[in-house]
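Presented below is the structure to which this report refers.
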Amino acid sequence: MRFSKGRSFLFRVPEGEELLEFVNGFAKRHNVLIGTVSGIGSLRSPKIGYFDEAAGGYKVNELRGLYELVSLSGNISLKNGEPFAHIHVALGGPDGSLHGGHLVEGEVLVAEVFIQELLGELLERKPQGKGLALWEAKE
Amino acid sequence: MRFSKGRSFLFRVPEGEELLEFVNGFAKRHNVLIGTVSGIGSLRSPKIGYFDEAAGGYKVNELRGLYELVSLSGNISLKNGEPFAHIHVALGGPDGSLHGGHLVEGEVLVAEVFIQELLGELLERKPQGKGLALWEAKE
Amino acid sequence: MRFSKGRSFLFRVPEGEELLEFVNGFAKRHNVLIGTVSGIGSLRSPKIGYFDEAAGGYKVNELRGLYELVSLSGNISLKNGEPFAHIHVALGGPDGSLHGGHLVEGEVLVAEVFIQELLGELLERKPQGKGLALWEAKE
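Protein chains in written order, with this note's numbering: chain A, 19 to 157; chain B, 19 to 157; chain C, 19 to 157.
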């Protein structure tokens, strides 16, 4: 699907916020219905999900302590009629080894986030019967 | 090199497609000659490359099972006169540990991909005599 | 903070350059004061930082040999009145395992970098009394 460019936001999330909730709230407050999200920073006690196809749901790994937010990649679209951010993260520990997956939760020490709004036909997530809520697959 | 912005595409790749082949095909079908690519999702049995300078080629690591596609980063330019996607990926296993490198192959369970077309002087990959095909290094 | 789009740059950094220094120099030469940075490639002997909150500074891990630059994510803003790139990287070893964190240093074998300039009110990093230099947290 083809979109035109909307607004561009670059901002720091305040310390102590829960990152995923903050991004979803930002999208709602600013009425960003479609977009891309990226960022870097440092998160406390992040929880990351691994989609287990056989189980039809996410296995959640809870990390302890502070992690470098090495990459944050994702998008914003509609789910149940509201803006919804789908975000994956790579996280670095004290020795530099990386963990990551689907962002379930993470408390912000630092998060510098870029959101690029896209304008066009709405993209909506709908249950696909596998435990996933996806857009229609369409170029 | 400086470019102006072309079209923006955000889409889901159908389940079962081979991701790299799909992105290359998408670029050809839509005539995207230069651009950036990013995305997230979940891949089955990905193969990732590590460039071994001494050997002058890629060592390929084959992963088994399903991995979170934690980050997909890359670009599109010309190689042998056709659009060519150069993509690196980070992949998360069930325990959240990450593997990654140059994307050689991966079957899509889910892939949500963003392509930003760039317009300007063409960028072309040419063999550099080290086993790499690169653009001219030029600001 | 909301920005409009400036120039878009996609380029290859010459082999042998120190990556962080090159990106900072590029931003100065082209007068990019605010922007986002992404990229992929292959780095020699990268040094990556982990922010240690208790110590109020970065612990640096030095990696040896050649690593795939699996992701490079970050931004450009002002620090001490000059363009300053804040970059995080994920790096893949020969067996595909990933390390990463805050980019401190890395010699380029290959680096294909995309910089998107943003235009608007300047973002400036200021010491926050924790060993971090951050923007004001403001939507």
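Idealized CB from N, CA, C, for every residue including glycine.
In angstroms with no decimal places, state the Cα-to-Cα distance between residue i and residue j.
{"i": "Ala103/B", "j": "Ile52/C", "result": "27 angstroms"}
{"i": "Ala129/A", "j": "Arg30/A", "result": "6 angstroms"}
{"i": "Val126/B", "j": "Leu37/B", "result": "6 angstroms"}
{"i": "Ile94/C", "j": "Val50/B", "result": "27 angstroms"}
{"i": "Tyr68/A", "j": "Asp113/C", "result": "22 angstroms"}
{"i": "Ile105/B", "j": "Gly99/A", "result": "33 angstroms"}
{"i": "Ala155/A", "j": "Arg47/C", "result": "43 angstroms"}
{"i": "Lys23/C", "j": "Asn42/C", "result": "20 angstroms"}
{"i": "Phe21/B", "j": "Glu123/C", "result": "28 angstroms"}
{"i": "Ser91/B", "j": "Ser89/C", "result": "6 angstroms"}
{"i": "Arg143/B", "j": "Leu152/B", "result": "4 angstroms"}
{"i": "Gly74/C", "j": "Pro145/C", "result": "12 angstroms"}
{"i": "Gly138/C", "j": "Ile66/C", "result": "31 angstroms"}
{"i": "Ala45/A", "j": "Glu157/C", "result": "11 angstroms"}
{"i": "Val78/B", "j": "Val78/C", "result": "29 angstroms"}
{"i": "Leu13/C", "j": "Glu80/A", "result": "The structure shown does not extend to residue 13/C, since chain C is modelled only from 19 through 157, so no value can be given for it."}
Does chain C have any CB closer than 8 angstroms to the CB of residue i?
{"i": "Pro64/A", "result": "no"}
{"i": "Arg30/A", "result": "yes"}
{"i": "Tyr68/B", "result": "yes"}
{"i": "Phe132/B", "result": "no"}
{"i": "Leu84/A", "result": "yes"}
{"i": "Ile94/A", "result": "no"}
Closest by CA to residue i, which one among the options?
{"i": "Arg25/C", "options": "Gln134/C, Gly138/C, Tyr85/C, Arg143/C", "result": "Gln134/C"}
{"i": "Val55/B", "options": "Gly114/B, Phe40/B, Leu61/B", "result": "Phe40/B"}
{"i": "Arg82/B", "options": "Ser89/B, Asn93/B, Asp70/B, Gly110/B", "result": "Gly110/B"}
{"i": "Leu116/C", "options": "Val107/C, Gln146/C, Glu123/C, Val122/C", "result": "Val107/C"}
{"i": "Leu140/A", "options": "Leu150/A, Leu96/A, Leu121/A", "result": "Leu96/A"}
{"i": "Glu35/B", "options": "Arg47/B, Leu61/B, Gly57/B", "result": "Leu61/B"}
{"i": "Met19/A", "options": "Glu154/B, Phe132/B, Trp153/B, Lys144/B", "result": "Phe132/B"}
{"i": "Gly149/C", "options": "Ser91/C, Tyr76/C, Ser89/C", "result": "Tyr76/C"}
{"i": "Gly57/C", "options": "Glu80/C, Asn79/C, Leu28/C, Asp70/C", "result": "Leu28/C"}
{"i": "Asp70/A", "options": "His120/A, Lys144/A, Ser22/A", "result": "His120/A"}
{"i": "Gly118/C", "options": "Glu157/A, Tyr85/A, Leu136/A", "result": "Tyr85/A"}
{"i": "Glu33/C", "options": "Phe44/C, Gly59/C, Ala45/C", "result": "Gly59/C"}
Using a Cβ-Cβ cut-off of 8 angstroms, state whether residue i counts as contacting chain A.
{"i": "Ala108/C", "result": "yes"}
{"i": "Asn47/C", "result": "Strictly speaking, residue 47/C in this sequence is Arg, with Asn absent from that position. With 8 angstroms as the cut-off, Arg47/C does not count as an interface residue toward chain A."}
{"i": "Gly114/B", "result": "yes"}
{"i": "Lys23/B", "result": "yes"}
How should residue i be labelled, buried or exposed, when 16 other C-beta atoms within 10 angstroms of its C-beta is the threshold for buried?
{"i": "Pro162/B", "result": "Within the shown structure, residues of chain B are numbered from 19 to 157, placing residue 162/B beyond reach of any answer."}
{"i": "Ala72/C", "result": "exposed"}
{"i": "Gly209/C", "result": "Nothing about residue 209/C can be reported from this structure: the residues present for chain C run from 19 to 157 only."}
{"i": "Pro101/C", "result": "buried"}
{"i": "Leu87/B", "result": "buried"}
Can a CB atom of chain B be found closer than 8 angstroms to the CB of residue i?
{"i": "Pro145/C", "result": "no"}
{"i": "Val128/C", "result": "yes"}
{"i": "Arg20/A", "result": "yes"}
{"i": "Val88/C", "result": "yes"}
{"i": "Ile58/C", "result": "yes"}
Taking the beta strand (DSSP E) that residue i falls in, what are its first and last residues?
{"i": "Gly53/C", "result": "53-70"}
{"i": "Arg47/C", "result": "Premise fails: Arg47/C lies in the alpha helix (DSSP H), 37-48, not in any beta strand (DSSP E)."}
{"i": "Tyr125/A", "result": "Residue 125/A is actually Glu in this sequence, not Tyr. Its beta strand (DSSP E) spans residues 116-137."}
{"i": "Lys156/A", "result": "Counting along the chain, Lys156/A falls outside any beta strand (DSSP E), and DSSP gives it neither H nor E."}
{"i": "Pro145/C", "result": "142-145"}
{"i": "Glu33/B", "result": "Glu33/B -> no beta strand (DSSP E), and no H or E assigned at all."}
{"i": "His84/B", "result": "The question names His, yet the displayed sequence has Leu at residue 84/B. From DSSP, the beta strand (DSSP E) with Leu84/B extends over 84-97."}
{"i": "Ala103/C", "result": "100-110"}
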